[in-house]
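Please read the structure below before turning to the comments.
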Amino acid sequence: LPNISSTQAPPNRESVAEFKEEFARIVEHEIIKGRYIGPISHQDLEALLGPFQSSPFSIIPKPGKIGKYRNVQNYSFPICPSLSFPNQSINSLVDSDSFPTTWGTFSLVSLLIHRLPPGSQLATRDVAEAYRTIPLHHSQWPATVVRLDEFSFAIDTSVCFGSGPSAGTYGEVRNAASDILRFQGIGPISSWVDDHLFFRIKKTFLPEYNERRKSWNVNITQRGRHQHGGRFWYGGHVFEDGTIEEFDKNCRFPVKDLLQRTECSAEDTLYTYNFADIDFYSLQLGIPWELSKDRPFACVTTYIGFDWDVESYQVSLGHTKKEKYLRAMEEWLVLATHTLEEVQKLYGKLLHAAIPHPLPLYDVHGYSDASSKIGIAITIRNRWRAWCLVPGWQSLDGQRDIGWAEAVAFECLIRSLVENGKETHNFIIYGDNKGVVEGWWNGHSRNRAVNGVFKRLHSVIADSPIRHSFTSYVRSKDNPANAPSRGIYPPMHLLLPPIQLPPELNRFLVDSQFPFTPTEQRLLREGRYPTAAAKRIEDSNERDKARIQHSLGALRQAEIGRDF
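Oh and the sequence shown: position 11 is 18 in my numbering, straight run, nothing missing.
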C-alpha cells in the first residue's frame, strides 16, 4: 500500500449511521479478535503513525438474509481528488495485477469435471473470515485506518474486503495451503477466493487417472503459466478453435489413496480420501473452515452460485441465486429510472444467469479499414466501396484519431450489410485495428470518439434484424479493404450500392464516386489535397484519361483517378 504524506479522513457512508448497532458489533468483534487497534483520537493516531488515510466504511444488507450484512471499506475513494479530499484513493496507487492468483472459473471447473473418471464426487468448504486471517505489516497501517466516529479511529491490522490487492494477497496463502494438500495426495482442488472445491475419485481409477495427470503435466510444462490481469493459470492442450485448455495447477503431484490410515464409512472406502483427511492437514496449517457451510462429498454441489452435477455433466443456476436475481429484478421494476451504478449491479448479476451456447456464425467476408491520409473503405466478398475523409477531419468539431476513422469504417460496413439486405442474425466481420475489434468485444473503448461511434451503431443494430455481430482481427496485409482505403480502387463494376450516412458523418466523409467540389479542386491545385486521388475530376476527354492511366500503371492510377 502507498505511503501517506498528508492525513485524509473522509466520513463513513450513511449506512454506518443507519445500521449503527451492526457497526458497533463489527468494531467490538474486530477489537476482541485483535485486528483493530483503537479507539484512538486523531491527535494520538498521528503521533503513532504520522499522516494517515481512512477510506469510507459502508454496511450493505445481504439480499434475502435478514440481519446479515456485508461490510466494505471503499479504498477507491475518492474517484477524483478534490479540494475537500486532495489525496488519491489507496486503490488508484496500487496495481492489483501485481498480486495475481488462481481463480477456479466456470470454464476451468467445467474442463476439470470433464476430465474426471466415472463415479467421482465433489464437495465445497469455505474459510471463515478468509481475508481477515492475513495480517498486515505495520508499515501498511497508515493506509488502513478506519473512522469510528467524528473524533475516534482504529487501525485495521488485517487484509480487508475493498482493497485492490486483497484477493491476490489472500490467494497466495490459500494457494500455498492447497499445494501442501496436493503434495499429500488430496485432490483435485480448485477455489474461488475462500470457496474451496474438492474432488475425489474412486480408487479403481487411481492408476489410470494419475497416468493422465502425467500427460497433462507434460503439456502444461510446454505451455507454461499465463497471466490475464489479476489471474494466472496454466495452459495445456490447444483446441481446434485455438483456445487453450485451462488448469489452475500443473498436475505435478499424484493423487493418493489416503483412507488406509483413517476410519471411514462404507461409501468412503471406495474413494481416495474424505473430510477427515482434509482436516488432518488443515488443522496443522491453521485453516479455519466455516463448518456451517460445509457441503459433504456427493455427485452434486453448489460452487460460485451454480449447481454442478458430475454424474450427469450438467450445471444449473442454484436456487439461492435464482431467488436473489428474481428479487433484484422485482426491485428494479419498481422504479422507472436508474443510476449507472444500479444498472451495473443488475447487469453484474444477470450476466451469469445463463450460459450462452456457441452461436452459428455466418461469415459474410466483410472487411473494413481506414487510412488517415485518404479515407475509409469496406469490402464484402469481392465488392467494395470507399469514402474520402475531408481535410482537417482530425480537429473538426473536436479531436479524432485513426481509431475513430477505423470505427467509422466498421460502422459503414454494418450499415452496408443492413441497407443492402445482406444482414443475418449472427455474423462475423473483420478489421485490422485491435482497438476497434477488441473494443467491440468489450462493449466499450478507451477512446471517447470511438465510443460515440459504438453508441450510434448499437442504435442501428437495434432497429435491424441483426442480433449479434462479432469482430475478428486480421493483419493489414490480409485485409482486402486496405488498398481501397488508401485510394487504390478495384474496378467500378464491383462497387457496392451506396449507403445513407447519418448526419454526424456527412461533414467528415464524401463518397469516393462523387466529383471533386470546387474547394477540393482548389486544395488539389495548392498541393494540400491527399497525394493519392480518392475522387475523380470530371474530364470530357476520356481517351486522354485512358492513355494516362495505361502509361502510369496500376499503382499510379490510384494517384490520379479511378478505373471505370
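From the three backbone atoms N, C-alpha and C, an ideal C-beta is built for every residue, glycine too.
The structure displayed is predicted, hence computed values, not measured ones.
Return the Cβ separation of residue i and residue j in integer angstroms, given the expectation that the two are a contact with Cβ distance under 8 angstroms.
i	j	result
S48	F158	6 angstroms
V101	I141	About 16 angstroms; that fails the 8 angstroms criterion.
L508	C395	The pair is not a contact, with the Cβ atoms about 12 angstroms apart (cut-off 8 angstroms).
S423	I506	5 angstroms
V457	G410	5 angstroms
A393	P491	5 angstroms
V262	N217	6 angstroms
S61	F190	No, S61 and F190 are not in contact; Cβ-Cβ is about 42 angstroms, not under 8 angstroms.
Let's test the definition: count the other Cβ atoms within 10 Å of the Cβ of residue i and tell me whether it reaches 16, buried, or not, exposed.
i	result
D572	Look at the range of the chain in this structure, 8 to 571, and you will see that residue 572 is not part of it.
P367	exposed
K256	buried
E37	buried
D470	exposed
Y320	exposed
S12	exposed
I387	buried
R532	exposed
F59	buried
G236	exposed
Y354	exposed
D370	exposed
Q267	exposed
A174	buried
P149	buried
E545	Low per-residue confidence applies at E545: pLDDT is 35, beneath 50, and the placement is therefore not dependable, though the value from the model is reported in the following sentence. Label assigned to E545: exposed.
V444	buried
E413	buried
N389	exposed
F521	exposed
R590	Any answer about residue 590 is impossible in this case: the structure gives the chain only from 8 up to 571.
Q87	Note that residue 87 corresponds to Cys in the displayed sequence, not to Gln. C87 comes out exposed.
S89	exposed
Kindly indicate if chain D contains any beta-carbon less than 8 angstroms away from that of residue i.
i	result
T346	The structure shown has no chain D; it contains just one protein chain.
Cα-Cα, which of the options is closest to residue i?
i	options	result
T108	N98, E179, N226	E179
A137	H203, R207, S146	H203
N486	Q520, F515, W391	W391
I362	R189, N449, F313	F313
P303	P295, P9, I285	I285
Y82	L503, P17, S375	P17
S105	L424, I381, T176, T308	T176
S127	F92, R77, G194	G194
S153	V350, L119, I44, D264	Reading off the sequence, residue 153 comes out as Val, not Ser. Here the closest residue by C-alpha is I44.
Y241	I97, L115, G405	L115
V79	L265, I73, K69	K69
S378	D301, V317, S483	S483
P626	L512, N513, E318	Since the first and last residues shown for the chain are 8 and 571, residue 626 lies out of range.
I381	K356, Q50, T250, A416	A416
| task | Please specify which runs of the beta strand (DSSP E), each continuous and at least 3 residues long, are wholly inside the segment 258 to 306, giving them in chain order. | result | The qualifying runs are 302 to 305.
| Inside the segment 167 to 201 only - beta strand (DSSP E) runs reaching at least 3 residues | With a minimum length of 3 residues, the continuous beta strand (DSSP E) runs that stay inside the segment 167 to 201 are 196 to 199.
| task | Count the C-beta pairs between the segment 15 to 26 and the segment 64 to 79 that are closer than 8 angstroms, then say yes if the count reaches three, no if not. | result | They touch, by the three-pair rule.
| With a cut-off of 8 angstroms, do at least 3 Cβ pairs link the segment 328 to 343 to the segment 291 to 298? | Using a C-beta cut-off of 8 angstroms, the segment 328 to 343 makes no contact with the segment 291 to 298, since fewer than three inter-stretch Cβ pairs fall below that distance.
| field | Segments of 4+ residues assigned as alpha helix (DSSP H) that fall wholly inside the segment 36 to 65 | value | Within the segment 36 to 65, the complete alpha helix (DSSP H) runs of at least 4 residues are 49 to 56.
| query | Where are the alpha helix (DSSP H) runs, 4 residues long or more, that stay fully inside the segment 388 to 446, in chain order? | reply | Entirely contained in the segment 388 to 446, the alpha helix (DSSP H) runs reaching 4 residues are, in chain order, 409 to 426.
| query | Hey, which unbroken runs of the alpha helix (DSSP H) at 4 residues or more fall wholly within the segment 90 to 144? | reply | Within the segment 90 to 144, the complete alpha helix (DSSP H) segments at least 4 residues long are 113 to 121, listed from N- to C-terminus.
| How do the segment 461 to 481 and the segment 492 to 502 stand: do at least 3 beta-carbon pairs fall below 8 angstroms, yes or no? | With a cut-off of 8 angstroms, the segment 492 to 502 and the segment 461 to 481 do not count as touching, because too few Cβ pairs lie within range.
| task | Would you check if the segment 205 to 215 and the segment 272 to 281 touch, i.e. whether three or more CB-CB distances between them fall below 8 angstroms? | result | Taking 8 angstroms as the limit for Cβ pairs, the verdict is that the segment 205 to 215 does touch the segment 272 to 281.
| task | At 3 residues or longer, and completely inside the segment 439 to 510: list those beta strand (DSSP E) runs for me, N to C. | result | You should have 475 to 480.
| field | Any beta strand (DSSP E) of 3 or more consecutive residues that is wholly inside the segment 215 to 261 | value | The qualifying runs are 232 to 235, 238 to 245, 251 to 254.
| field | contact_flag[the segment 257 to 267, the segment 217 to 234] where n(CB pairs < 8 angstroms) is 3 or more | value | Verdict: yes, contact present.
| Those runs of the alpha helix (DSSP H) which lie wholly inside the segment 317 to 374 and span at least 4 residues | Entirely contained in the segment 317 to 374, the alpha helix (DSSP H) runs reaching 4 residues are, in chain order, 326 to 341, 347 to 357.
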